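Student: Below you'll find the structure I mean.
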């Protein structure tokens, strides 16, 4: 069943200064689709996803995550040199990635090596990298 309610909404302007319609001109929705998606949302850990994206939204942590995509494992000293920071700063960011389940570490004598927690994190960072390059290529 599709429900219809009339409503008009015009937003933005196109290149010629004319109003561009970027919203439906009438209000209608597909009730089965809406219920299906609402049900799917109930089973998701949205707050966990938000935390993960917030952590990766930090420039330094994204650089570290990208570096860990390039190399399976990096010592804290390597990470500090890659991002141009102190050991303390690198350690802080690596710990943050670890606390949210995005990275893991192993100790080898006096050295600590970090890697991405699993392939899902690697895929996420690689997809973000690919998409951002495509945006630049397409002039966005």
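In this note's numbering, the protein residues as written are 62 to 201. Where a beta carbon is used, it is the ideal one built from N, C-alpha and C, also for glycine. Predicted model, so just to flag it, every value in this text is computed and none were measured.
Going by the DSSP bridge assignment, what does residue 168 pair with across the sheet?
Tutor: Start at 1 with the first residue of the chain shown, and residue 168 comes out as number 107. In the DSSP output, where bridge partners are listed per residue, residue 168 has 173.
Student: Could you give the C-beta distance for residue 140 and residue 161, rounded to a whole number, given that I count them as a contact under 8 angstroms?
Tutor: On the chain shown, position 79 is the one that residue 140 refers to. On the chain shown, position 100 is the one that residue 161 refers to. That belief does not hold up - the Cβ atoms of residue 140 and residue 161 are roughly 17 angstroms apart, past 8 angstroms.
Student: Applying the 10 Å Cβ sphere with the 16-neighbour rule, what's the burial state of residue 172?
Tutor: Residue mapping note: residue 172 aligns to position 111 of the chain shown, counting from 1. Classification for residue 172: exposed.
Student: Roughly how many angstroms lie between the CA atoms of residue 134 and residue 121, to the nearest whole one?
Tutor: Within the chain shown, residue 134 is the residue found at index 73, counting from 1. Within the chain shown, residue 121 is the residue found at index 60, counting from 1. The C-alpha of residue 121 is placed about 17 angstroms away from the C-alpha of residue 134.
Student: Return the CA-CA distance between residue 166 and residue 175, expressed in angstroms with no decimal places.
Tutor: As a first step, residue 166 must be located in the chain shown, where it is residue number 105. As a first step, residue 175 must be located in the chain shown, where it is residue number 114. Roughly 4 angstroms between the two C-alpha positions.
Student: Identify every residue that forms a DSSP beta bridge with residue 136.
Tutor: Here residue 136 refers to the residue found at position 75 when the chain shown is read from its first residue. 174.
Student: Determine the contact status of residue 126 and residue 158, defining contact as a CB-CB distance below 8 angstroms.
Tutor: The sequence position of residue 126 within the chain shown is 65, counting from 1. The sequence position of residue 158 within the chain shown is 97, counting from 1. Taking 8 angstroms as the Cβ cut-off, residue 126 and residue 158 qualify as a contacting pair.
Student: Would you mind sorting residue 186 into buried or exposed? The rule is 16 or more other CB atoms within 10 Å of its CB.
Tutor: As a first step, residue 186 is located in the chain shown; it is residue number 125 there, counting from the start. By the 10 Å Cβ count, residue 186 comes out buried.
Student: Look up residue 185 in the DSSP assignment and say whether it is helix, strand or coil.
Tutor: In the chain shown, counting from the first residue as 1, residue 185 sits at position 124. Secondary structure of residue 185 (DSSP, three-state): helix.
Student: Apart from the five residues on each side of it in sequence, which residues of its chain come closer than 7 angstroms, Cβ to Cβ, to residue 178?
Tutor: Reading the chain shown from its first residue, position 117 is the one you call residue 178. Here the set comprises 162, 163, 164 and 165.
Student: How should residue 196 be labelled, buried or exposed, when 16 other C-beta atoms within 10 angstroms of its C-beta is the threshold for buried?
Tutor: Within the chain shown, the letter at position 135 stands for residue 196. That one is exposed.
Student: Determine the closest residue to residue 182 out of 88, 91 and 128, with distance taken between C-alpha atoms.
Tutor: For the purposes of this step, residue 182 is taken as the residue at position 121 of the chain shown. When each option's Cα is compared against that of residue 182, the closest is 128.
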